[in-house]
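Quick notes on the structure that follows.
Residue numbers (my numbering), protein chains in the order written: chain A, 1 to 477; chain B, 1 to 477.
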């Protein structure tokens, strides 16, 4: 079994621009606020550690399953030479982590590269049950040489099962039922559920969705690692980075545990300073997917109804993904001159994986002389600095998470950091960060509208004409 | 010159779920509020019409420039058979409209299709000056057969000019200086600016960025239409749809002019009901780019500082892009159980361009029987209905913009609708929706940090160590 070489966390966090000293008492976190929250953080740390010791908080253990990582790596190595295309079918937590990992660590044009430069199958995702996208995808992949990976813990997810049934039928039409079963891999509950049952009946190869872990916490399980490995990502590096961040987050001090620090600043900014939005704005195309993954994690974990002294309270800060420097030309006008209702987390990358020098600045345009000989990564990073400064001047709290470069370990660090940050934020809000009770109503209504057995009563309610007209006809304006 | 066949607007809007009748007085727009705002809308309509008559609001005229559309279509027809690849270099308003149009109207896997099915060059964008992405792009395109289109009105945009200089040098290295000049098309100011000067000197073919129009309003000019035409989009259809929506928006009545209705509901929701965020959530992958385009338009136009009775006020609602049904598995938990601080605009598509039936539901899984024989578009649309219902039950105001299908005219309608909506929203907020004064500080700071001549004083200020430490070193936590 692979041993993980020891590695140290390499992320740094600079939160000075989120402090009262930088943006004023009205908008910044003060030392007094942090001191106040410190004891709550210590208590909650103890509770989380106790839960973990008692078998809870199982997502924390995912970096330790090296046997699984070895199994995935071995499977992927074979599959990478066997398959031309890889089709991931999953939605939400069953695809966002994989998309983020691959976007961060593979060539952005991976699907366009010739076979010998790509190293493994092309990568396609069916997440939405959008017939236009599904049709186009099934037309573009080479089904005869496609590995289909369906990911759902329960096998009940309507979008995933619908897309899977469509893909499976298309696959069977091309390669026949027997070979289709050999080309399908199911990532699902190891024991229970519809997909587990189907996989056992049809003889699919399976990988486990770890029990006791929410979908949005599965990026470091087979759910995220199998796709990553198939696209050539160093999954052991991912786990090593996650483990390094876990090691760094052992302490209970809000000022030195980076996950707790980020949680405390965000929750204080929301609950005490009116920053109802948390913008994550990496200055690197490759990290936009991580911001999108975090957007699910933060929203679904913290957006919760709770009861405080008998009163209904709605908690949660709205996560927003942005991309530097592009969104300087889209959102920064609003962020600096609109309402002061956001905490902005910039993500910096110190060394890019490519150096591109600007040359050939035309003579006769002195206005462009400053670009001559400059390097694009330097320009991008100075744009980030300039934005941090401009936000601070406008008294908009912001902080910077800096990575030395983008590699598997750094991405693993980010995943662990944000997951622990989210668990602590849940504790500070007083909400349960696990589960998503608020999506049940819509899910049931979909079943009812689709005529699923057992939902007839709800269907009748939905289709009854309410006063003022049905919800379900469009009034042309 | 092409005559535009008469066409009628086909979008419909259902705003009942955003009314007090549906979600309660605390969260919904009441008839009284709409009646109150109606006279202001009438006044502002008269002002806008007068400005237009006097030569202002020039973005409204873009659908009429059929001579330009013909010229672009003719150029594109030639270029489509000549070039293998098309590289658009532009950021913000110089690329978002083109990306949105092409995502809506071309095959989602266009770049992967064989030449004979693609109909025109592959499409690449350099927006961010991210060296990793730029390097990968320049490696993947076939520079010998690439049309490079640089888009900036002034030629001062740092990111665009940096990326252009890099691409130009790479192109010259492959095809030489003379042929490079023939492969470059500049979309820029017809008379002024650095890029105009360079284009004239080097003999680039040019297309105009229309004077008197902000970057974010140029989607229906050469800025958006040239890329669209190169990717096979029916640009005359786009203009026809925009003109149809313009025709429909001639009236000054808030209840029957759809742009004014959307503006009024959004601004009332923000200023009177605490809905500081406006989510646009199409249920169609193809329209996600339009939501992203609108995100720039709304943020940059309305996120403004203004002075009301001598007091500084920060206006603007934060636009958020979401995608149905994917974000039901990411954001809907927050939208239904988190703070009631959002107005959610769902976008429905009545007929998809593909029909995909679900078949092969396994015997022995009655839980999936409801999917057998169903069609994906139907599932997706019922998810939207279910979400609208669940949001309404949770008293979250929402509305639905419905398109009969996605075609060029519908996309043109959406562009015009949202632009007029934004101009009226600016009027209701009392802000100037044009210009983006808030981005100057960051832009200047970038110049200063890059050592541009004339910015030495700011550079010294920036690099001076402020009390409490510089903004520009990272303190490891």
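Glycine residues also receive a C-beta, built at the ideal position from the N, C-alpha and C atoms.
Taking 9 Å as the threshold (C-beta atoms), are residue j and residue i in contact?
i                      : j                      : result
residue 231 of chain B : residue 319 of chain B : no
residue 422 of chain A : residue 433 of chain A : yes
residue 149 of chain A : residue 226 of chain A : yes
residue 376 of chain A : residue 41 of chain B  : no
residue 198 of chain A : residue 166 of chain A : no
residue 275 of chain A : residue 295 of chain A : no
residue 205 of chain B : residue 186 of chain B : yes
residue 288 of chain A : residue 381 of chain A : no
residue 215 of chain A : residue 181 of chain A : no
residue 219 of chain A : residue 190 of chain A : no
residue 426 of chain B : residue 301 of chain B : yes
residue 325 of chain A : residue 384 of chain A : yes
residue 405 of chain A : residue 353 of chain A : yes
residue 11 of chain B  : residue 266 of chain B : no
residue 364 of chain A : residue 373 of chain A : no
residue 155 of chain B : residue 370 of chain A : no
In chain B, what lies closer than 7 Å to residue i by C-beta?
i                      : result
residue 487 of chain A : In the structure displayed, chain A extends from 1 to 477; residue 487 of chain A sits before or after that span and is not available.
residue 133 of chain A : 108 and 285
Closest by CA to residue i, which one among the options?
i                      : options                       : result
residue 392 of chain B : B:13, B:7, B:10 and B:18      : B:18
residue 38 of chain A  : A:264, A:164 and A:218        : A:264
residue 127 of chain A : A:424, A:157, A:435 and A:12  : A:157
residue 211 of chain B : B:57, B:345, B:250 and B:270  : B:57
residue 332 of chain A : A:389, A:45 and A:8           : A:389
residue 348 of chain A : A:355, A:365, A:387 and A:312 : A:387
residue 101 of chain B : B:300, B:373, B:213 and B:237 : B:237
residue 429 of chain B : A:338, A:294 and A:123        : A:338
residue 351 of chain B : A:105, A:326, A:62 and A:130  : A:130
residue 188 of chain A : A:443, A:175, A:213 and A:178 : A:213
residue 437 of chain B : A:357, A:380, A:395 and A:334 : A:334
residue 141 of chain A : A:155, A:314, A:153 and A:123 : A:123
residue 400 of chain B : B:16, B:7, B:8 and B:10       : B:16
residue 97 of chain B  : B:233, B:245, B:184 and B:168 : B:233
residue 8 of chain A   : A:63, A:243 and A:14          : A:243
residue 109 of chain B : B:159, B:286, B:415 and B:229 : B:286
residue 270 of chain B : B:245, B:316, B:291 and B:307 : B:316
residue 87 of chain A  : A:104, A:330, A:168 and A:394 : A:168
residue 257 of chain A : A:99, A:308 and A:418         : A:418
residue 346 of chain A : A:69, A:357 and A:328         : A:328
residue 305 of chain B : B:246, B:435, B:207 and B:153 : B:435
Give the interface partners of residue i over in chain B, defined as CB-CB distance under 9 Å, in chain order.
i                      : result
residue 304 of chain A : 333, 334, 337 and 338
residue 149 of chain A : Chain B residues near residue 149 of chain A: none, gap ~17 Å exceeds 9 Å.
residue 375 of chain A : 131
Going along chain A, which residues have a C-beta under 7 Å from residue i?
i                      : result
residue 414 of chain B : The contacting residues do not exist; residue 414 of chain B stays about 15 Å from chain A at best.
residue 299 of chain B : 330, 331, 333 and 334
residue 436 of chain B : 333
residue 111 of chain B : 112
residue 432 of chain B : Ordered by position in chain A, no residue passes the 7 Å Cβ test against residue 432 of chain B, which lies about 12 Å from the chain.
residue 358 of chain B : 162, 165 and 166
residue 169 of chain B : 359 and 360
residue 82 of chain B  : Simply none; closest approach about 21 Å.
Interface residues of chain A around residue i at Cβ under 8 Å?
i                      : result
residue 351 of chain B : The premise fails here: residue 351 of chain B is roughly 10 Å from chain A at the closest Cβ pair, so nothing lies under 8 Å.
residue 370 of chain B : 447, 450, 451, 452 and 453
residue 354 of chain B : 131, 132, 134, 135 and 136
residue 140 of chain B : 109, 112 and 113
Contact check, residue i vs residue j under 8 Å by CB: the rounded distance?
i                      : j                      : result
residue 277 of chain B : residue 323 of chain B : Not really, about 16 Å apart at Cβ, beyond 8 Å.
residue 262 of chain A : residue 29 of chain A  : Not quite, the Cβ-Cβ distance comes to about 11 Å (not below 8 Å), so this is no contact.
residue 27 of chain A  : residue 340 of chain A : 6 Å
For residue i, which residues in chain B fall below 8 Å Cβ to Cβ?
i                      : result
residue 393 of chain A : 441
residue 323 of chain A : 128
residue 427 of chain A : Neighbours of residue 427 of chain A on chain B: none; closest Cβ ~17 Å, over 8 Å.
residue 183 of chain A : Residues of chain B passing the Cβ test: none, with the nearest at roughly 15 Å.
Under 8 Å from any heavy atom of the ligand GDP, does the C-beta of residue i make it?
i                      : result
residue 136 of chain B : The ligand GDP is not part of this structure, which contains no ligands at all.
The stretch 448-458 of chain B / the stretch 87-100 of chain B touching (three or more Cβ pairs under 8 Å): no
At least three beta-carbon pairs within less than 8 Å, the stretch 405-414 of chain B to the stretch 237-247 of chain B: yes
Sufficient close CB pairs (3 or more, under 8 Å) joining the stretch 42-61 of chain B to the stretch 246-254 of chain B: yes
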